[in-house]
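S.K.:
Chains as they are written, first to last, in the numbering used here: chain A, 1120 to 1576; chain B, 744 to 1175.
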């Protein structure tokens, strides 16, 4: 049975229940992964998966069943319904559901699974060779992954949506060692399915390999507050981690204090600051037409001119907060129910050039690139893969990688310059509630933050 | 499975089929209320072949065609790494106990009740706190067959419960939490809630941390967030083989304080990360990684051991797509003499670190960590006086662990690490 047939069966089954809401997902996916570690190709692997889930909302409680086998869908739907019924006295709800029929929705640039393994390996061999021709480089890790997914959504209101999704991801890490010191530099890129977008990186990889070696002799930053300038990649990570997660309504909707903090209309930054999230922004890794609850994608202004103007919703959080749907419910695969996630998140560009931005900084730090970032709502930390001192308006000596930390609310207010050079970073994968890595993109122009705390000795 | 093995052997020299299935029932509470019940069934099959001396892989979940699976593995073997090992012949596995049929018998209603008992004492104690809680049971079944005639088969149960609380006052946020995991059912919610209640008690007052070097005690959770990511990498035979581990060439040398000993041990009865054999059918063993400060061994799977001319430590673990690589199963850090209370009493001014945020984002390979103290306390004149915030601690694992003391008490954190408290006499503290 293919997933379309199974989808029609499941649609019929769930339409018969007396529940507030039932939905189902079925998917068929294929993926490739290629890893180089050290000098050689370490592993090359192809995976195929079929599976699905049924989720039921009955009297305010959720039941969820996931499975690999597309047989006995009736039993599975019943199990989800029974579980939901066991959660008596819950107060979960969804708003009015508009039925949508859409087939052959293609949110991809290409199907990377159609490219022969030999071509993929050839490109990665070239990149690997560049790293290994760099003197003093200890080792390298290259991870390539691609996937293609046929994805089907049905719900009890009569929606039937068939989508195709694809993803390409490349991560290259160069590791330099000397004495007992180890330093690494990484590069991450991705695309919604177009293999061509990870081609032609030869110069970039050469440059990052040399940088890893240089970092062995770089000094560490002294831990204190600095004026910090973030490059588009790191600023994108910052807005994703520090602010984006807090805009996810599932963090907010059942938390009266946080609701208070995140009241729409509150001032979060200066009048120059606009922050956007939207799957409706086309052609990026976080782009799609319908989310995993069958809701059409939007482009949402989270902050407009410094004022909090929107947030990201699932059907449940929108209904609970009595706000507009935003199309941000996503699940990493059929084993998980959809939860509120970001898509393509960015700070809109303004007019200042990078050189003007650093011109009047006497002593500051310029941070680029990223290792990662996490947040605990109020506090965030994020780590820069590259750091340089700024002295008297110029980029000066390189530093070891630094970790930046701060309080979201003061830090957003402390952004005092936003550049004119927006770039989107397609190399990120976002993790939340055990669902990782979800394809997202984030971006920003260069930004300047006053009084930013840098860890160190 | 045997059919896949037979098909594979028609077109390759050697093969292995690994089959894993699981059934998991998580019950979740959100914002002090029961939120949902889930049931997750899954099964996957992983094929590994050696063809013309090269390794090939294929994996499938759900519906698949046996011949197609074999074809994919053969296709990838064209590009695969040379196989540096033979699949193991039948052997002896330790009789580690990891299955308790009581886990399967626990009804969902009892799990719901347990979750409620995790939350109730906490919301009674602290006005305005919001708790998320989870109670989960899982049964997994593993089967492995290979062309050397080896067969392995086991079933494992795990039961876990955990609760986390968030308290927001103004824009100040406090996070507390605790969890437990076992192959037995856990019916005592109190052991978990008491930890959380104690955290709330200690965090009642705020205290300021200065900007300088301070003595710091890492609690077991603190040890896991600050040190363990670096150890996971440094003792991984693959990282060692690449020359990227700072201790890779220090075998037999004393690199750490003599009070520091570290083991990898998947043979502890009813510990959730225990198993009779690894995912390649190699018997589980307790491996000394550091004894009295001296580096003793690294963790290997078959392929990495073959490359390094070492022996597999039974650390072969299937990751994404079923690829095998060496991985720690459960880290055990040896306990010491002093109690946590004595450690605190000896400090005039210092910190206790329970949770670090972002510590794993730095140069983990080099051992550098730098994290924001998500939950931590200030010590003044031998007493905990309150909670610190807007504070970072930074250091290097290899520098710090040259001079430590280790507590007598220890606990399991998240099922994968058993560790005491670790005291470091001087650590860089940056505060705002």
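Cβ coordinates follow ideal geometry from the N, Cα and C atoms, glycine included.
Given the structure is predicted, the values throughout are model-derived calculations rather than measurements.
Looking only at C-alpha atoms, which of B/921, B/778, B/754 and B/1073 sits nearest to residue 1177 of chain A?
M.R.: Start at 1 with the first residue of the first chain, and residue 1177 of chain A comes out as number 58. The shortest Cα separation from residue 1177 of chain A among B/921, B/778, B/754 and B/1073 belongs to B/778.
S.K.: Restricting to Cα atoms, I'd like to know which of A/1182, A/1559, A/1440 and A/1238 is closest to residue 1547 of chain A.
M.R.: Stepping through the first chain from its first residue, residue 1547 of chain A is reached at position 428. The closest CA to that of residue 1547 of chain A, considering only A/1182, A/1559, A/1440 and A/1238, is found on A/1559.
S.K.: Would residue 1328 of chain A count as contacting chain B if we go by Cβ distances under 9 Å?
M.R.: Along the first chain, one-based indexing puts residue 1328 of chain A at 209. It does not; no Cβ of chain B falls within 9 Å.
S.K.: Measuring straight from C-alpha to C-alpha, what distance separates residue 1170 of chain A and residue 1529 of chain A?
M.R.: Looking up residue 1170 of chain A in the first chain gives position 51. Looking up residue 1529 of chain A in the first chain gives position 410. Rounded to whole angstroms, residue 1170 of chain A to residue 1529 of chain A spans 45 Å at the Cα level.
S.K.: Please say whether residue 1555 of chain A and residue 1451 of chain A have beta carbons closer to each other than 9 Å?
M.R.: Within the first chain, numbered from 1, the residue matching residue 1451 of chain A stands at position 332. Within the first chain, numbered from 1, the residue matching residue 1555 of chain A stands at position 436. In contact: residue 1451 of chain A and residue 1555 of chain A (Cβ atoms closer than 9 Å).
S.K.: Given residue 1271 of chain A, which residues of its chain have a CB within under 6 Å of its CB, disregarding the five upstream and five downstream residues?
M.R.: Sequence index remark: in the first chain, residue 1271 of chain A carries index 152 (1-based). Cβ within range, chain order: 1122, 1126, 1145 and 1281.
S.K.: Buried or exposed for residue 1123 of chain B, going by 16 or more other Cβ atoms inside 10 Å?
M.R.: Taking the first residue of the second chain as 1, we reach residue 1123 of chain B at position 380. With fewer than 16 other Cβ atoms within 10 Å, it is exposed.
S.K.: Report the residue from A/1541, A/1227, A/1413 and A/1507 whose alpha carbon sits nearest the alpha carbon of residue 1277 of chain A.
M.R.: Position 158 of the first chain holds residue 1277 of chain A. Comparing Cα positions, the closest option is A/1413.
S.K.: In the DSSP assignment, the beta strand (DSSP E) including residue 1387 of chain A goes from what residue to what residue?
M.R.: The residue labelled residue 1387 of chain A in the question sits at position 268 within the first chain. From DSSP, residue 1387 of chain A is part of no beta strand (DSSP E); its letter is neither H nor E.
S.K.: For residue 1352 of chain A versus residue 1542 of chain A, is the C-beta spacing smaller than 9 Å?
M.R.: As a working mapping, residue 1352 of chain A is identified with position 233 in the first chain. As a working mapping, residue 1542 of chain A is identified with position 423 in the first chain. Cβ distance < 9 Å, so residue 1352 of chain A and residue 1542 of chain A count as in contact.
S.K.: Which full runs of the alpha helix (DSSP H) of 4+ residues lie inside the stretch 1361-1447 of chain A, going along the chain?
M.R.: 1368-1371, 1375-1380 and 1434-1440
S.K.: Could you pull the start and end residues of the beta strand (DSSP E) that residue 1172 of chain A belongs to?
M.R.: Reading the first chain from its first residue, position 53 is the one you call residue 1172 of chain A. That run of the beta strand (DSSP E) goes 1159-1177.
S.K.: Quick one, which of A/1513, A/1476, A/1520 and A/1132 has its alpha-carbon nearest residue 1489 of chain A's?
M.R.: Along the first chain, one-based indexing puts residue 1489 of chain A at 370. Comparing Cα positions, the closest option is A/1520.
S.K.: Does the beta-carbon of residue 1116 of chain B, which I'm using as the reference point, lie nearer than 8 Å to any heavy atom of the ligand SAH?
M.R.: For the ligand SAH, the structure offers nothing, since it holds no ligand at all.
S.K.: Determine which residues share a DSSP beta bridge with residue 894 of chain B and list them.
M.R.: Along the second chain, read from residue 1 onward, the residue named residue 894 of chain B stands at position 151. Paired residues: B/888.
S.K.: Who are the neighbours of residue 759 of chain B on chain A, taking C-beta pairs under 9 Å?
M.R.: Start at 1 with the first residue of the second chain, and residue 759 of chain B comes out as number 16. Those do not exist, as residue 759 of chain B stays about 14 Å from chain A at its closest Cβ, beyond 9 Å.
S.K.: Counting Cβ pairs, one atom from each stretch, are 3 or more of them under 8 Å apart for the stretch 1148-1158 of chain A and the stretch 1222-1242 of chain A?
M.R.: yes
S.K.: At least one CB of chain B closer than 9 Å to the CB of residue 1449 of chain A: is that the case?
M.R.: Here residue 1449 of chain A refers to the residue found at position 330 of the first chain. With 9 Å as the cut-off, residue 1449 of chain A does not count as an interface residue toward chain B.
S.K.: Run down chain A in chain order and give the residues with a C-beta less than 8 Å from the C-beta of residue 777 of chain B.
M.R.: If you number the second chain from 1, residue 777 of chain B lands on position 34. Here the neighbours are 1180, 1206, 1208 and 1209.
S.K.: Counting only runs that start and end within the stretch 1237-1294 of chain A, where is the beta strand (DSSP E) found for 3 or more residues in a row?
M.R.: 1256-1274
S.K.: Which partner residues of residue 1309 of chain A appear in the DSSP bridge assignment?
M.R.: Taking the first residue of the first chain as position 1, residue 1309 of chain A is located at position 190. DSSP, once it has assigned bridges, lists A/1288 as partnering residue 1309 of chain A.
S.K.: Hey, residue 1149 of chain B and residue 1036 of chain B: beta-carbon distance below 9 Å or not?
M.R.: Here residue 1149 of chain B refers to the residue found at position 406 of the second chain. Here residue 1036 of chain B refers to the residue found at position 293 of the second chain. Not a contact, by the Cβ cut-off of 9 Å.
S.K.: To the nearest angstrom, report how far apart residue 774 of chain B and residue 873 of chain B are at their CA atoms.
M.R.: Sequence index remark: in the second chain, residue 774 of chain B carries index 31 (1-based). Sequence index remark: in the second chain, residue 873 of chain B carries index 130 (1-based). Cα to Cα, residue 774 of chain B sits roughly 5 Å from residue 873 of chain B.
S.K.: Do three or more CB pairs link the stretch 911-921 of chain B to the stretch 884-895 of chain B at distances below 8 Å?
M.R.: The stretch 911-921 of chain B vs the stretch 884-895 of chain B: no contact.
S.K.: Considering only the alpha carbon of each residue, which of A/1273, A/1265, A/1297 and A/1303 lies closest to residue 1288 of chain A?
M.R.: Reading the first chain from its first residue, position 169 is the one you call residue 1288 of chain A. If we check each option's Cα against that of residue 1288 of chain A, A/1265 comes out closest.
S.K.: Please list the residues of the stretch 989-1005 of chain B that have a C-beta atom closer than 7 Å to any C-beta atom in chain A, keeping them in chain order.
M.R.: 989
S.K.: Contact between the stretch 993-1005 of chain B and the stretch 1063-1073 of chain B: three or more CB pairs below 8 Å?
M.R.: no
S.K.: By DSSP's criteria, residue 1173 of chain B is part of a beta bridge. Which residues make up the other side?
M.R.: Sequence index remark: in the second chain, residue 1173 of chain B carries index 430 (1-based). Answer is B/1135, bridged to residue 1173 of chain B.
S.K.: Which runs of the beta strand (DSSP E) spanning at least 3 residues fall entirely within the stretch 968-1050 of chain B, listed in chain order?
M.R.: The qualifying runs are 1005-1007 and 1030-1034.
S.K.: For chain B, is any of its Cβ atoms less than 9 Å away from the one on residue 1245 of chain A?
M.R.: The sequence position of residue 1245 of chain A within the first chain is 126, counting from 1. No - not a single Cβ of chain B is within 9 Å of the one on residue 1245 of chain A.
S.K.: Please go through the same chain and pick out, in chain order, the residues whose beta-carbon is closer than 6 Å to the beta-carbon of residue 1179 of chain B, but skip the five residues on each side of it.
M.R.: The first residue shown for chain B is 744 and the last is 1175, placing residue 1179 of chain B beyond what the model contains.
S.K.: Using a Cβ-Cβ distance under 9 Å, would residue 1269 of chain A count as near chain B?
M.R.: The count along the first chain starts at 1 and reaches residue 1269 of chain A at position 150. No, residue 1269 of chain A does not count as interfacial toward chain B.
S.K.: Could you check whether the stretch 889-907 of chain B touches the stretch 955-963 of chain B, counting it as contact only if at least three pairs of C-beta atoms, one from each stretch, sit closer than 8 Å?
M.R.: no
S.K.: Residues in its own chain within less than 8 Å of residue 1152 of chain B by CB, not counting five upstream and five downstream?
M.R.: The residue labelled residue 1152 of chain B in the question sits at position 409 within the second chain. If we look at residue 1152 of chain B and ignore the five residues flanking it on each side, its Cβ neighbours are 1078, 1082, 1083, 1163 and 1164.
S.K.: Would you mind giving the Cβ-Cβ distance between residue 839 of chain B and residue 1019 of chain B, rounded to the nearest angstrom? I have them listed as a contact below 8 Å.
M.R.: Counting from one through the second chain, the residue named residue 839 of chain B turns up at place 96. Counting from one through the second chain, the residue named residue 1019 of chain B turns up at place 276. Indeed they touch by this definition, with Cβ atoms about 6 Å apart.
S.K.: Please report the residue range of the beta strand (DSSP E) in which residue 1463 of chain A lies.
M.R.: Here residue 1463 of chain A refers to the residue found at position 344 when the first chain is read from its first residue. It spans 1463-1466 - the beta strand (DSSP E) in which residue 1463 of chain A sits, taken as one unbroken run.
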